[in-house]
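Chains as they are written, first to last, in the working numbering: chain A, 1 to 141; chain B, 142 to 635; chain C, 636 to 757.
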Amino acid sequence: MIPRPYFESPIVMTTVRLVAPFALTYGIFVTLHGAGSPGGGFQGGVVITSVVIMIAFAFGVGPTLDWTDERVVAGLFGGGVLAFGAVTLITVPFGGSLLRVDALPIPTKYAIEAVEVFIGAIVAGVVTSLFFLLSEGGEEE
Amino acid sequence: MTDALLGVVIAVPVLASVVPLIASFWRDKIGWYVALIALSVNAFIVASIVRGFLNEGRLSHEVGGVSVPYGIELALDGLSVPILVLVALVSLGTLVYTRNAGPRSNSFYSGYLLLTAGLIGVTVTGDVFNLYVFIEITGLTAYALIASGDDGRSAYAALKYLIAGTVGASLYLIGIAYAFVATGTLNMADLSARLAEVGHSDTLVLTSFAFVVAGLGVKVALFPLHTWQPDAYSSAPYGVAAYVSALVSTVSAYALGRLVLTVYTPEFLVSNPVVSSALVYFGALSIVAGSVLAVLQTDVRRLLAYSSVSQFGLVVVAFGIANPTSVFGGVVTLFGHAVVKGSLFFAAGIFAYRLGVTRLDEYEGLARKMPYTGAAFAVLALTLVGVPPAVGFVGKWYVALGAVRAGETSVAVVIFASTLLTLMYVARLVDRMYYGAAGTGTSETAVADGGTGGVCVTYGMVALVVLAAIAVVVLGPVASAVQETLALGEVLGT
Amino acid sequence: MTGIAESLLTQYYHVVFVLLLGIGVYTMIDAKNLVKKIIGLNVFQVSVFLFLVSSGYLEGAEPAIVKDGGGPYVNPLPHVLILTAIVVGVSLTALALALVVRVYQEYGTLDEEHLQEVMSDD
């Protein structure tokens, strides 16, 4: 494989250091406000992934992969899927239908936001791991 | 409570598919056990769903408690029950086979479980857009599983399948977008009522039907939309090729039948006789073209792929005629073809792993070296032809009967001709296996300890193939007995 | 003739949908490079999304969040359909690109004709 040149540029690094926390906050904001304004789980998850990609542009893919541990990323999407499945299946004894969140004892608003957060976690985990796999040149399948 | 099981049966494989991926940080070969547990649980749930169907008739479940025209509905009736049972059984059987044969990595079994979840989702859904999502889930995981072979050809074949399959699914999406613009609803039962109100001869409805049939036709691999199939089946590992050939096209053909028969009801076909004839002729063309192309092949897996084209042509003809007898024949053919084709791929895999043979001329005298597998292979291949009392004969009989009852005797003639054409390539295969000169045609790869890839053929794999051969013979009379319980007349609205 | 021209001018979303569909399919068929075929696939899918979103457009209507005394609301269903379909399209593109990377690793070329030659020599 052709090795990709990596230029360490102080402008990019400084900018990313400043912008990244705000971008992450925006991603979480978009995830939580999916019910009342444009947003939701898919969009927020992708914005959170873009933070990781920005950091990879500034500091290089290898160091970024060591920083966001692989296990954290796998835990994000694994935990997200299991949590979403738990929410789906728990409503069956309460209300008789799958995903019937208005039958749960907690207010509906929190249940919907929880579902959006889990979806955001799944999307962030999956797209981040895709980015890392594709940028390594796809060593294993 | 039984109707909530319709959703649980999709959720269980999806949740189980994450477990091997997370566990791969600690243990490496845990995927097979996770898949076994999840699919066994699923089999129990499917059994209780079938018991619920036998007691109550059509099952229906509204996801999220949102009432029917606005929410997503999961529904199960006589057309979907056989397919659901088929998916549950074949997924367990392929699991037994891939224990030794297939790739045993964790990510393979995650993909396997997601594919099963997608297949079950297509079977139980009652909403056209939900069907699109599940068809795409099925397709994505099938592309990934086909690419899990060892060399680059499987990646290229999977890429071709991806492009063709996505074009097909997008055409289906355009079709349901037109139907949505015409009626404003996406639920299958509601859509059929509203389409009747809009008028079955309306241009928008006709266009949406054309796009839906073209899109699903790519997924079912009818002629001339089948070109992705021979490469995909011959480059994938044998267990994957068996699973994909047995279930993915079968479930897509079920989706086609569900849309043509339940959404655009038989009244649509009656009020547009050109469309009905076009559908039947399209299927008949597949029957003939698939068999003719199969005769020309020299590689066994490509031969089996073209034979699938022919069988699905028969199923589309059955759905195009659209009376209860022919639809029952179509369902029996789907079920029988899935079991037969999957087991034929298993047997071809056993031959390849044990003796290194993949081409037709290397099959000389094979039955003397491996008598049990050879006998099972011959029985399964003869079932494809339609030898009574096996399930292939029962399927063709009901389709031909339905065609004659509907007054389309030319279709019955085509079905009879298809039997002869199928016999042409099956007879060559069986003849070579039993009467060829043994030992002269085997390939150059080392035969001492296991042929290709060092996979050791276990008794379990051979027993699976023999069991399948016995099953298809027994299924013939059983299928006729089941006809009343499926109540396909209600499904068709006649 | 004026009927067709008039309907083409007012329903330009449908014209763009058909144009994009044609461009996408033509790129998929004609391009030699595998990545260009995937780009064509994406353009094809985007045309379908455009059609569905434009079918949900209603002049003078408000977003689908119910307020007291609000006017006509847009049907939120097409928008949600497109969200899901976009996610499906992204997953397909990701898988296709991973397969292209694998093909490149095995064969060293992304040109379709060279690939056919190399594979038939195999």
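Even glycine gets a Cβ: it sits at the ideal position worked out from N, Cα and C.
As computed with DSSP, A216(B) is found in a beta bridge with S201(B). Distance from the Cα of N196(B) is smallest, within the candidate group G259(B), T143(B), Y319(B), for T143(B). Considering only beta carbons, the part of the segment 14-42 of chain A lying closer than 7 Å to chain C consists of G36, F42, in chain order. Counting only residues of its own chain and dropping the five nearest sequence neighbours on each side, Y250(B) has a CB closer than 7 Å to the CB of P161, G172, W173, V175, A176. Nearest to S449(B) by C-alpha distance, out of A362(B), Y384(B), L410(B), F476(B), is A362(B).
Flagged as an interface residue toward chain C: T307(B), by a C-beta distance shorter than 8 Å.
With fewer than 16 other beta carbons inside 10 angstroms of its own, K702(C) counts as exposed. Put simply, the backbone Cα of A578(B) is about 5 Å away from that of G506(B). The Cβ of A720(C) sits no closer than 8 Å to any Cβ of chain A. Counting other Cβ atoms within 10 Å of its Cβ, Y6(A) stays below 16 and is therefore classed as exposed. Against I178(B), chain A offers no close residue; the least beta-carbon distance is about 15 Å (beta-carbon pairs closer than 8 Å).
Non-local beta-carbon contacts of G515(B) in its own chain, meaning distances under 7 Å to residues more than five positions away in sequence, involve L507, A508, M574 in chain order. Interface annotation, L89(A): not in contact with chain C, CB-CB separation never under 8 Å.
Distance from the Cα of F453(B) is smallest, within the candidate group D440(B), V441(B), V421(B), for V421(B). With a threshold of 16 other beta carbon atoms within 10 Å, Q751(C) falls short and is exposed. The beta carbon of S50(A) sits no closer than 8 Å to any beta carbon of chain B.
DSSP places D440(B) within a strand segment (E or B) once states are collapsed to three. The C-beta distance from I721(C) to F684(C) rounds to 6 Å, short enough to fall under 8 Å. A straight line joining the alpha-carbon of L254(B) with that of A310(B) spans about 21 Å. Taking V269(B) as reference, the option from F364(B), L400(B), A519(B) with the minimal CA-CA separation is L400(B). Here I556(B) is near A541(B), since their CB atoms are less than 8 Å apart. Within 10 angstroms of the beta-carbon of R442(B) lie 16 or more other beta-carbons, which makes it buried. Annotation: the continuous alpha helix (DSSP H) that includes Y319(B) extends over 293-324. The beta carbon of I639(C) sits no closer than 8 Å to any beta carbon of chain A. Nearest in C-alpha terms to A419(B), of all of S221(B), F460(B), L281(B), A323(B), is F460(B).
Between F57(A) and V127(A) a beta carbon distance of about 15 Å is seen, past the 8 Å cut, so the two are scored as non-contacting. In the structure shown, the three-state DSSP call for T68(A) is coil.
For the pair of segments examined, the segment 708-724 of chain C was found to touch the segment 688-697 of chain C: the number of CB pairs separated by less than 8 Å reaches three.
With respect to the 8 Å criterion, F194(B) and L217(B) are classified as neighbours on the basis of their beta carbons. For L99(A), a Cβ of chain B is located within less than 8 Å of the residue's own Cβ.
Chain C has a Cβ within less than 8 Å of the Cβ of L130(A). Straight-line measurement puts the Cα of A20(A) at about 50 Å from the Cα of G234(B).
At least one CB atom of chain C sits nearer than 8 Å to the CB of E277(B). Straight through space, the alpha carbons of T391(B) and L437(B) are spaced by roughly 24 Å. Contact of L303(B) with chain C is assigned, a C-beta pair being separated by under 8 Å. In the structure shown, Y211(B) falls within a coil segment according to DSSP collapsed to helix, strand and coil.
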